[in-house]
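Student: For the sequence shown, the positions run 353 to 857 when the working numbering is used.
We put the CB at the ideal spot given by N, CA and C, even for glycine.
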Amino acid sequence: MTHQLEDFAQKDGQGSERPKPGLRHLLTLDARDGVEPPRGWLALALLCAAQFMVVLDFSIVNVALPSMQKSLGFSPTTLQWVVSAYSLLFGGFLLLGGRAADLFGRRRVFLLGLVLFTLASLGGGFAQSPIELIVARASQGLAASIVAPSVLSLITTTFPQGAGRNRALGTFGAVASAGFASGVILGGLLTSSFGWRWVLFVNVPIGLTIIALTPLLLPESRGAKKRLDLPGSAAVTLALAVLIYALSQANAAGWGSLQTIGLLILAALLLVAFLSLEARTRDPLVRLSIFRLRTLTGADTCGLLFGASLGPTLFILTLYLQNVLGYSPVLTGFAFLPHALIVTFTTNLVSRLTTRLGVKPGMVTGAVVLAVGLFWLSRLSAHDQYWAIILPGTLLVGLGVAFQIVTVAIAATKGVADDEQGLASGLFNTSQQVGSALGVAILVAVASARTVALSTGSGGPGGSAALVGGFQSALLTAVGFAILSVVVSLLVVREVRLTRSKTSV
């Protein structure tokens, strides 16, 4: 990044010579000094480690589910709650977690979430019954909803708008994306080598290390002193939890069932109640005027569409690799490794391009490349075509993800005051989580309907061929979500040029 600051490295903004900083000064630099603060980048590494741990736990348990079922005696219907309990609490409490970070101190809330996450992981590892493990996973999800928005708001308040924040968010995005693929690989290795309990125990040393280093590396920051909007918090938390639960159960219960329709109506009523409360309270959980920021609104909409296209695609591909091609869980994890690597190694380039060209071109490019990659993947067949279909498709998707995850995160926090960065981070994370739940529900419904139609139709293919036909239709639906993201990026998001300046670290 030195080349981005060459005009200010030795001179101040008026052209006069600047004194060379000593070691003590370097350790306490802030972004306005025009030099990369070592402490800032160490803090970023710490925050990314916490984000990696949170994302890891979305996928690390999937491979261990059969072992958990056998060990603790789960029934087929209760086993899904090992996954659902985490995602339900995570999605439901994200907005509250983000706002709490603004009001009570981002470092304090971050530490609270880490302590709870570490204790929940330890308790889950020692679980002796299904209910104990489900409670532990729910506690992990609650803790993750506190940690995730705190991480993003700490990054955006540590690094001001400009090249430094872009680079930091690029690193954050790379770590978040790599966490999912790493979870599949690590889950398989730990389960086969040490048993399923270690997919939970692995979080304990990581969590303790981050907890110990946080007071040394992260300064406290908070927004203006305001009261927490408890009625609004309760309404939106219940609305999100009910919505995510309804979407996750829609295919099993039926989209036209009384349960699904009733839950969706309840979620809508709770959301209306929340908006009514926010419009009348003096210190709202979500200041409704924040949605007048077109770039933020467009970014969160794109975040929802991004979650709706990417989340279910990884789920569909996992089923395809294991159920159609017969890959082992560990081999399935390694099949996603190129996807994770291209995201990891291109996000820094994307952040630099975003600084030069602006946010909007990057968002459009990412959505277009994502759509092309998803379309390529929709050509999969019942035969193993990893090198011809899966590898190039996942590489294209990974490149699109690199653009999307960096530019959308930048746009979602652009122009937001520091005292509302936790709120902006919560909105960003919530949009992706709701999008993922919505996408999985829709794509699974599309895949199931197409598979049944092919299996029962006159002269239609059966078995694996019908299953593949369902997956193809689901992936084409994901292409539609990506194309909608292109449209939103073009029509809603304002152009944001991030100049390389003295405030860019």
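Hey, would you say valine 724 sits closer than 8 Å to valine 838, going by beta carbons?
Tutor: Numbered from its first residue, the sequence shown carries residue 724 at position 372. Numbered from its first residue, the sequence shown carries residue 838 at position 486. Not in contact: valine 724 and valine 838 (Cβ atoms no closer than 8 Å).
Student: Helix, strand or coil, according to DSSP, for asparagine 414 in the structure here?
Tutor: What you label residue 414 is simply residue 62 of the sequence shown in a count that begins at 1. Asparagine 414 falls in the coil class under three-state DSSP.
Student: Would you check if the distance between the CB atom of threonine 508 and the CB atom of glutamine 784 is smaller than 8 Å?
Tutor: Mapped onto the sequence shown, residue 508 falls at position 156. Mapped onto the sequence shown, residue 784 falls at position 432. No, the Cβ-Cβ distance between threonine 508 and glutamine 784 is not below 8 Å.
Student: Just to confirm, is the Cβ distance from leucine 552 to serine 473 under 8 Å?
Tutor: As a position in the sequence shown, residue 552 is number 200, starting the count at 1. As a position in the sequence shown, residue 473 is number 121, starting the count at 1. For leucine 552 and serine 473, yes; Cβs fall inside 8 Å.
Student: Out of Ala526, Leu570, Lys712, state which residue places its alpha-carbon closest to the alpha-carbon of valine 695.
Tutor: To locate residue 695, count along the sequence shown from 1; it is residue 343. Here the closest residue by C-alpha is Ala526.
Student: Quick check: the Cα distance between valine 753 and leucine 722, rounded to an integer number of angstroms?
Tutor: Position 401 of the sequence shown, counting from 1, holds the residue named residue 753. Position 370 of the sequence shown, counting from 1, holds the residue named residue 722. Straight-line Cα distance between these residues: approximately 7 Å.
Student: According to DSSP, simplified to helix, strand and coil, what is aspartate 454?
Tutor: Numbered from its first residue, the sequence shown carries residue 454 at position 102. If DSSP states are grouped into helix, strand and coil, aspartate 454 belongs with the helices.
Student: For valine 711, count neighbouring C-beta atoms within 10 Å of its own C-beta (all shown protein chains included) and say buried if the count is 16 or more, exposed if not.
Tutor: The count along the sequence shown starts at 1 and reaches residue 711 at position 359. Buried is the call here.
Student: What are the complete alpha helix (DSSP H) segments, minimum 4 residues, inside the segment 716–780?
Tutor: Listed in chain order, they are 743–765.
Student: Determine the contact status of glycine 531 and isoleucine 498, defining contact as a CB-CB distance below 8 Å.
Tutor: Position 179 of the sequence shown, counted from the start, is the residue given in the question as residue 531. Position 146 of the sequence shown, counted from the start, is the residue given in the question as residue 498. No. Outside cutoff.
Student: Please name the residue in Leu732, Tyr597, Thr653, Gly767 whose C-alpha comes closest to that of phenylalanine 442.
Tutor: Counting from one through the sequence shown, the residue named residue 442 turns up at place 90. Residue Tyr597 is the option with its Cα nearest to phenylalanine 442.
Student: Just to confirm my understanding: we take arginine 376, look at its own chain, exclude 5 residues before and 5 after, and list those with CB closer than 8 Å. What are they?
Tutor: The residue labelled residue 376 in the question sits at position 24 within the sequence shown. Bear in mind that the predicted position of arginine 376 carries a pLDDT of just 36, short of 50, making it too unreliable to give a figure here.
Student: Would leucine 623 pass as a contact of alanine 591 if the rule is Cβ separation under 8 Å?
Tutor: Position 271 of the sequence shown, counted from the start, is the residue given in the question as residue 623. Position 239 of the sequence shown, counted from the start, is the residue given in the question as residue 591. Yes; because the gap between Cβ atoms is below 8 Å, this pair is in contact.
Student: Could you tell me if valine 387 is buried or exposed, where buried requires 16 or more neighbouring beta carbons within 10 angstroms of its beta carbon?
Tutor: To locate residue 387, count along the sequence shown from 1; it is residue 35. With a pLDDT of 35 at valine 387, under the threshold of 50, the modelled position of this residue cannot be trusted, and the question is left open.
Student: Grouping DSSP H, G and I as helix and E and B as strand, with all else coil, what is lysine 712?
Tutor: One-based indexing of the sequence shown puts residue 712 at position 360. Three-state DSSP puts lysine 712 in a helix.
Student: Quick one, which of Leu398, Thr698, Ala687, Ile563 has its alpha-carbon nearest phenylalanine 743's?
Tutor: By one-based count along the sequence shown, residue 743 stands at place 391. Looking at the sequence shown, residue 743 is not phenylalanine but leucine. With distances taken between Cα atoms, leucine 743 lies closest to Ala687.
Student: Would you report the Cα separation of valine 568 and arginine 459, rounded to the nearest angstrom?
Tutor: If you number the sequence shown from 1, residue 568 lands on position 216. If you number the sequence shown from 1, residue 459 lands on position 107. Rather than valine, the amino acid found at residue 568 in this sequence is leucine. Going from the Cα of leucine 568 to the Cα of arginine 459 covers about 11 Å.
Student: Applying the criterion that 16 or more other CB atoms from any shown protein chain within 10 Å of the CB defines a buried residue, is proline 557 buried or exposed?
Tutor: Taking the first residue of the sequence shown as position 1, residue 557 is located at position 205. Under this definition proline 557 is an exposed residue.
Student: Distance check for phenylalanine 511 and leucine 463, CA to CA, integer angstroms please.
Tutor: Along the sequence shown, read from residue 1 onward, the residue named residue 463 stands at position 111. Along the sequence shown, read from residue 1 onward, the residue named residue 511 stands at position 159. Approximately 20 Å, taken between the alpha carbons.
Student: If we ignore side chains and look at the alpha-carbon of each, how far apart do leucine 506 and threonine 561 end up?
Tutor: By one-based count along the sequence shown, residue 506 stands at place 154. By one-based count along the sequence shown, residue 561 stands at place 209. Going by the C-alpha atoms only, they are around 18 Å apart.
Student: So is arginine 489 buried or exposed if we call it buried at 16+ other beta carbons inside 10 Å?
Tutor: In the sequence shown, residue 489 corresponds to position 137, counting from 1. The residue is buried, with at least 16 neighbouring Cβ atoms inside 10 Å.
Student: State the Cα-Cα distance for the pair leucine 381 and threonine 589, rounded to the nearest angstrom.
Tutor: Within the sequence shown, residue 381 is the residue found at index 29, counting from 1. Within the sequence shown, residue 589 is the residue found at index 237, counting from 1. Low confidence applies here, because leucine 381 scores a pLDDT of 34, under 50, leaving its location unreliable; read the following figure in that light. Those two C-alpha atoms are separated by around 38 Å.
Student: Count the CB pairs spanning the segment 650–666 and the segment 618–634 that are closer than 8 Å, and state whether there are at least three.
Tutor: Output reads no: the segment 618–634 does not touch the segment 650–666.
Student: Roughly how many whole angstroms lie between the Cα atoms of glutamine 601 and arginine 708?
Tutor: As a first step, residue 601 is located in the sequence shown; it is residue number 249 there, counting from the start. As a first step, residue 708 is located in the sequence shown; it is residue number 356 there, counting from the start. The alpha-carbon atoms of glutamine 601 and arginine 708 are separated by roughly 44 Å.
Student: Suppose contacts are defined by Cβ-Cβ distances below 8 Å. Is leucine 827 in contact with serine 730 by that definition?
Tutor: Position 475 of the sequence shown, counted from the start, is the residue given in the question as residue 827. Position 378 of the sequence shown, counted from the start, is the residue given in the question as residue 730. Going by C-beta atoms, leucine 827 is nearer than 8 Å to serine 730.
Student: Under a Cβ-count criterion, where at least 16 other Cβ atoms within 10 Å of its own Cβ denotes burial, should alanine 564 be classed as buried or exposed?
Tutor: The count along the sequence shown starts at 1 and reaches residue 564 at position 212. Burial call: exposed.
Student: Are alanine 604 and glutamine 403 close, meaning C-beta to C-beta below 8 Å?
Tutor: Locating residue 604 in the sequence shown gives position 252, counting from the first residue. Locating residue 403 in the sequence shown gives position 51, counting from the first residue. Going by C-beta atoms, alanine 604 is not nearer than 8 Å to glutamine 403.
Student: Considering only the alpha carbon of each residue, which of Gly559, Ser788, Leu615 lies closest to alanine 660?
Tutor: Here residue 660 refers to the residue found at position 308 of the sequence shown. It is Ser788.
Student: Can you check which of these residues, Gly678, Thr829, Arg639, is closest to alanine 776 by C-alpha distance?
Tutor: For the purposes of this step, residue 776 is identified with residue 424 of the sequence shown, where counting begins at 1. Closest option to alanine 776, Cα to Cα, is Arg639.
Student: Where does serine 680 fall in DSSP's three states?
Tutor: Position 328 of the sequence shown, counted from the first residue, corresponds to residue 680. Three-state result, serine 680: coil.
Student: Measure the Cβ-Cβ separation of leucine 446 and alanine 515 and say whether it is below 8 Å.
Tutor: As a position in the sequence shown, residue 446 is number 94, starting the count at 1. As a position in the sequence shown, residue 515 is number 163, starting the count at 1. Not in contact: leucine 446 and alanine 515 (Cβ atoms no closer than 8 Å).
Student: Compare the C-alpha of leucine 790 against each of Leu693, Leu748, Leu779, Phe658 and name the closest.
Tutor: As a first step, residue 790 is located in the sequence shown; it is residue number 438 there, counting from the start. Among Leu693, Leu748, Leu779, Phe658, the Cα nearest to that of leucine 790 is on Phe658.
Student: Please report the residue range of the alpha helix (DSSP H) in which tyrosine 597 lies.
Tutor: By 1-based counting over the sequence shown, the position of residue 597 is 245. Unbroken alpha helix (DSSP H) run through tyrosine 597: 582–605.
Student: From the DSSP output, in three-state form, read off tryptophan 548 for me.
Tutor: On the sequence shown, residue 548 is found 196 positions in, with the first residue counted as 1. Residue state, collapsed to three classes: coil.
Student: Tell whether a beta-carbon distance below 8 Å holds between leucine 396 and threonine 523.
Tutor: Working through the sequence shown from its first residue, we reach residue 396 at position 44. Working through the sequence shown from its first residue, we reach residue 523 at position 171. Contact flag set, yes.
Student: Alpha carbon to alpha carbon, how far is valine 413 from leucine 313? Give it in angstroms, no decimals.
Tutor: Coverage of the chain is limited to positions 353 through 857, which leaves residue 313 absent and any answer about it impossible.
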